[in-house]
Every structure is written in C-alpha cells, then in structure tokens.
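Residue numbers (my numbering): 251 to 493.
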Ligand SMILES: C[S@@+](CC[C@H](N)C(=O)[O-])C[C@H]1O[C@@H](n2cnc3c(N)ncnc32)[C@H](O)[C@@H]1O
C-alpha cells in the first residue's frame with residue numbers, strides 16, 4: 251500500500267524572501283506539490299515570496315478563491331461559498347496525499363495566524379500526518395521595519411481585526427496597553443475614527459507590505475484612506491519604559 255503524503259503548513263514570512271526559515275526552505279524544496287491560496291487573476295503574495303526557491307520538477311497547485319468580496323447578492327452567502335471552496339480544496343489536496351505525495355501549503359507570515367492553511371488543516375489533519383512550520387508573522391515584520399518595540403516589561407499586546415464594529419474596536423483598544431490592528435483595507439476609515447476618538451492617532455504607526463520590496467511606511471495621519479490596501483497594519487506601541 252502507498253504510504254500517504256504529509257500535509258505541510260509552511261509559513262514563509264511577511265515578505266522579504268530572506269525571512270523564510272531554514273526549515274521552511276528545506277521542506278519547500280523537498281515537497282513535490284506546492285499549494286497556495288490566491289485571488290483570481292493574482293499571483294499571490296506567498297507565491298511571490300518563494301518563487302525564486304522553486305525547483306523545476308515541483309507541481310504548483312493554486313487554490314483560487316471563488317470570490318474576493320464578503321458582500322454577495324442574495325441568495326448567495328459568503329460563508330457558504332467560501333466553506334464549499336475549502337471543502338473542494340481539501341479534497342483536491344487529499345488526492346495528492348493519498349497518492350503518497352507531500353503537499354506544502356505556503357502561507358505568508360505564519361500559517362496559524364489568520365492563515366487560510368488552517369481551513370485545510372482543520373479538514374485534513376485528523377486523516378493525514380500534518381506538520382506546521384511557523385513563520386515570522388506580519389505584525390513582527392511590521393514592528394521591525396517601523397523600528398518600534400511593541401511591548402515593554404509587563405505590558406500586554408492586543409491583536410485586533412479591523413473588521414470589528416466601531417464600538418467593539420473602541421472598547422478593546424481603550425483597554426489595551428499596546429495593539430496591532432490587522433485587516434485594514436476598506437476598514438481603514440472606521441479604524442482611523444476610533445483611534446482619533448481615543449486620542450491615539452498620534453501614537454499609531456502604519457505600514458503597507460512590510461518587509462516587501464515595495465513596502466510603504468507612511469505617517470498615520472497622512473495615509474490616504476482611499477488607497478489603504480489589504481496588506482497593511484497599524485501598530486499602537488506600548489508606552490516606552492526607560493529600563
Ligand atoms: C489573512 S491575514 C494573514 C496574516 C499572516 N498569516 C501573518 O502571519 O501575518 C492578512 C492580513 O495580514 C496583514 N499583513 C500580512 N502581511 C503583511 C505585510 N507584509 N505588511 C503589512 N500587513 C500584512 C494585513 O493586515 C492583512 O490584512
């Protein structure tokens with residue numbers, strides 16, 4: 251009987267190809283199949299990070315999202331469409347695993363930190379051997395390029411999604427020593443409103459595509475909300491402690 255392949259969730263770091271770990275690079279090169287989630291018509295960030303490391307004989311397996319927006323006309327529901335898509339992607343990956351081929355699913359940053367790999371992991375890890383290789387996540391890449399310590403001494407860090415409703419985001423931010431706000435994009439305007447209401451706008455720092463060759467660090471108050479892209483985040487660093 252064929253020995254099944256391994257499912258590998260491979261964190262490839264936030265953008266700079268040198269921020270991939272030695273282990274991730276080894277497993278990437280050894281995997282006969284390299285899968286990655288990608289929007290229709292796009293190359294994909296994770297793929298862009300590892301492209302130069304691929305060996306000729308590897309099969310590429312793009313898993314193309316069927317929708318790019320969470321707002322769909324009735325009777326379609328985003329949750330249902332995306333859940334069906336993950337079911338199908340898991341079946342397609344499982345075929346390779348059953349045939350004895352390892353599948354490396356590359357993820358920007360870390361696979362278990364808002365990474366779509368987790369939806370394959372949840373569906374397949376009870377059935378196949380699975381290994382997850384952690385990656386440098388975007389908030390740490392962001393802090394590095396902004397040159398700002400995130401948390402001093404006994405402070406706690408809150409990681410918040412920009413998708414949260416205004417009042418909920420405000421409540422959580424008001425309680426935070428330090429915070430990272432992810433998933434900006436069309437949420438940018440609301441997030442800026444909340445930071446301004448809390449008097450945090452001057453302390454907040456903004457970065458787009460941190461550690462990538464086209465990264466952009468803009469003073470928070472000068473960010474154009476119309477162009478704020480999805481691959482951006484805001485850091486509200488902890489109050490400096492002199493040490
Ligand atoms: C689906 S999550 C993926 C997070 C990723 N797995 C990680 O470990 O950072 C996408 C969000 O991560 C953030 N992000 C990912 N890469 C980024 C980068 N290089 N610079 C700034 N933000 C980034 C953005 O907030 C984006 O909306």
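Ideal Cβ positions, reconstructed from N, Cα and C, are used throughout, including at glycine. This structure is a prediction, so every number in the text was calculated from the model and none was measured.
Of the other Cβ atoms in all chains shown, fewer than 16 fall within 10 Å of the Cβ of residue 310; this residue is therefore exposed. Uninterrupted beta strand (DSSP E) stretches at least 3 residues long and entirely within the region 432 to 490 occur at 455 to 458, 466 to 469 and 482 to 486, given in chain order. A residue is called buried when at least 16 other Cβ atoms come within 10 angstroms of its Cβ; residue 389 meets this threshold and is buried. DSSP places residue 251 in no beta strand (DSSP E); its state is neither H nor E. In the DSSP annotation of this structure, residue 424 is not part of any beta strand (DSSP E); the continuous alpha helix (DSSP H) holding it starts and ends at 416 to 425. Using a 10 angstroms sphere on the CB of residue 418, the tally of other CB atoms stays under 16, which defines it as exposed.
Distance from the C-beta of residue 433 to the nearest heavy atom of ligand 1 is below 7 Å. Here DSSP, grouped into helix, strand and coil, assigns residue 283 to strand. Taking C-beta atoms as the reference points, residue 263 and residue 397 fail to come closer than 8 Å.
Taking 3 residues as the minimum length, the beta strand (DSSP E) runs contained wholly in the region 324 to 385 are 353 to 357 and 380 to 383, in order along the chain.
Contact check for residue 255 against residue 355 fails: the beta carbons are separated by 8 Å or more. When the five nearest sequence neighbours on each side are left out, the beta carbons in the same chain lying within less than 7 Å of the beta carbon of residue 458 are those of 465, 466, 479, 481 and 482, in order along the chain.
Looking at the DSSP output, residue 389 shares a beta bridge with no other residue.
Contact check for residue 462 against residue 265 passes: the beta carbons are separated by less than 8 Å. With respect to residue 358, residue 437 sits apart: the two C-beta atoms are not nearer than 8 Å.
Leaving aside the five residues that flank residue 391 on each side, the residues in its chain whose CB is nearer than 6 Å to its CB run, in chain order, 264, 460 and 461.
Between the region 299 to 316 and the region 331 to 351 there are three or more inter-stretch CB-CB distances shorter than 8 Å, so the stretches are counted as touching.
When Cβ pairs closer than 8 Å are counted between the two stretches, the region 371 to 378 is seen not to touch the region 400 to 407, the count staying below three. In the structure shown, the three-state DSSP call for residue 394 is helix. By the criterion of a C-beta distance shorter than 6 Å, residue 281 is surrounded in its chain by 352 and 354, once the five residues flanking it on both sides are discounted. Taken through DSSP and simplified to helix, strand or coil, residue 312 comes out as strand.
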